[in-house]
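Here the structure is laid out as structure tokens; the discussion comes afterwards.
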Amino acid sequence: LVNTALSAASSAGSANLPMALAGQRHPRPLRAAALTVACLGGASGWSTEGHERIGSIAQHLLKGKHRAEARTLLEGDLVEFAGWENEMSEKRPETKALHWHRQTPEWTCSTGLGINGKVHCDNKEAADDSILCVLSVTFKKYAHDAVLREYPIASDPLWNSESNFDWKNYIKDHHFEGMFGSATAELRWMVTLIGDMHQPLHWLRENDYGRDIKVTFRGKEYTLLSFWEDFMPTQLPPPPTQVELDQQYSSRIQTWVNVAPGELFRSWAKEGSEQACYRIYAGLDLSNTSAPVVVTEEVFSRWRSLASELTSRAGQRVAFVLLDLFEHRRHKEAHSQGRGRTTRHTSHSTNLAKNAAIAAFLVPGLLFLFRWHDQNSGRAGAGFSLGRFGVVGGGEGAGASKKN
């Protein structure tokens, strides 16, 4: 998944990344990622069934021209490439390391995601090539700078000035160039990556993301990770109705639309990490891990409801990000033609205040210049008069008005 994000950065080049990311090679995280691959298995996130559900929910929120636009850009409906992540991971297993959160030192449920409550793409609090940072870079490639300036200014940017990781070199060093030759591939990965963000166990490396914990349910044994990735998506209740989806989406986007992208993605990451600790691990008795932990029907019921909610949120957020990128795309086209365009991030009250401030400075200045010009041009017999309300023709006209 995350590969694509890499490709996105790759084809864009350093110029499309935050300034702090451009221009330097940083082999240390490459070695770390290579070592990580050896201990990471599959990277399916929600399995094909889970991604089908997420894609279906997103597709039901993309209506009319927006659904058609998504189909064109992705070369198919969202549900059609639900298994694409697994196919790509099979072809290039070295990319599996990119699907997970990694940091140094790793966090635990007692310390919380990041370091001292902070999460930045600085290769410490979050590895530059881990799930959160790759999603951010991918979005950055397809965003238009003029629209980004309409978001509220990030109080705590995800990428800080000390980061020197170069995605273009990362892709070159790992020979990923051939995998990311089109916007279609990159955007497919971005969609899948957003889905994976909502798989809580992908955020917590403790217990090898759940692989080291054996659980049993109704007489069958699983790892905790496989239970959540492969089994749970097959047990989910029907998704919300169209009316319920529309209502949930309309309510939730109010909290998303006015947040800078990097900060928004980070808030989703923190949400996922908390789900892993307080709603998955909290349901298990890990006092004796020498034997498989029994998942009771009560715990299964809670987890089933949680997984249903997470896949619904994932689908809604996929739709939100795609709609956002469509806005960026249209704004970029209008900008290239010299036309202005508002977006859902445009603050009309802010623009009104800016215009009022400009007018408060500009109008008195212009009036002063007009009066000065009137006085000086009157002496020369070739000026113009401000008259009662503003500008009145000068020269003979001005003289005539004086006679009147």
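Residue numbering for the sequence shown follows the numbering used here, beginning at 1 and increasing consecutively. Built from N, CA and C at the ideal position, the CB exists for glycine as well.
- Taken through DSSP and simplified to helix, strand or coil, E221 comes out as strand.
- Nearest to L310 by C-alpha distance, out of Q199, D324 and V293, is Q199.
- Contact annotation: A82 and A319 have beta-carbon atoms that are not nearer than 8 Å.
- According to the DSSP assignment, A68 belongs to the alpha helix (DSSP H) that extends over K65 to L74.
- Contact between G195 and A314 holds, with the beta-carbon distance rounding to 5 Å and staying under 8 Å.
- Residue pairing from DSSP places T216 in a beta bridge opposite E221 and V294.
- Leaving aside the five residues that flank L73 on each side, the residues in its chain whose CB is nearer than 7 Å to its CB run, in chain order, A183, T184 and L187.
- The three-state reading of DSSP puts I57 in helix, counting H, G and I together.
- Beta-bridge partners assigned by DSSP to I115: K118.
- When DSSP states are grouped into helix, strand and coil, K124 belongs to the coil group.
- For Q248, the uninterrupted alpha helix (DSSP H) run begins and ends at Q242 to W256, by DSSP.
- Rounded to the nearest angstrom, the Cβ distance from L245 to W256 is 15 Å, too far for a contact under 8 Å.
- Cβ-Cβ distances below 6 Å link E75 to T184 in the same chain, with the five nearest sequence neighbours on each side left out; the list follows chain order.
- Out of L193, W100 and G219, the CA that lies nearest to the CA of T138 is found in L193.
- With distances taken between CA atoms, V215 lies nearest to L284 out of D128, L284 and H175.
- Excluding its 5 nearest sequence neighbours in each direction, E106 has C-beta neighbours in its own chain below 8 Å: R205 and E206, listed in chain order.
- DSSP, reduced to helix, strand and coil, places Q235 outside both helices and strands of the structure shown, so it counts as coil.
- Taking one beta carbon from each stretch, the region 120-135 and the region 152-159 have 3 or more pairs nearer than 8 Å; the two touch.
- CA-CA distance, W46 to C109, rounds to 22 Å.
- If you compare the alpha carbons of L78, L225, A143 and A97 with that of A127, the shortest gap goes to A97.
- If you draw a straight line from the Cα of N169 to the Cα of M190, it comes to about 20 Å.
- Bounds of the alpha helix (DSSP H) holding N207 are E206 to Y209.
- Under the 8 Å Cβ criterion, the region 263-282 does not count as touching the region 327-334, having fewer than three qualifying pairs.
- If you draw a straight line from the Cα of R304 to the Cα of S336, it is about 48 Å long.
- The residue from S89, R53 and R92 with its alpha-carbon nearest to that of E80 is R53.
- With fewer than 16 other Cβ atoms inside 10 Å of its own Cβ, Y278 counts as exposed.
- A check of alpha carbon separations from K63 across L236, L322 and R92 identifies L322 as the nearest.
- Per DSSP, the continuous alpha helix (DSSP H) segment holding T192 begins and ends at A183 to M197.
- Around T223, the same chain offers G210, R211, D212, I213, K214 and V215 as residues with beta carbons nearer than 8 Å, after the five sequence neighbours per side are excluded.
- For P233, the CB contacts under 6 Å within the same chain, skipping 5 residues up- and downstream, are W46, S47, E49 and G50 in chain order.
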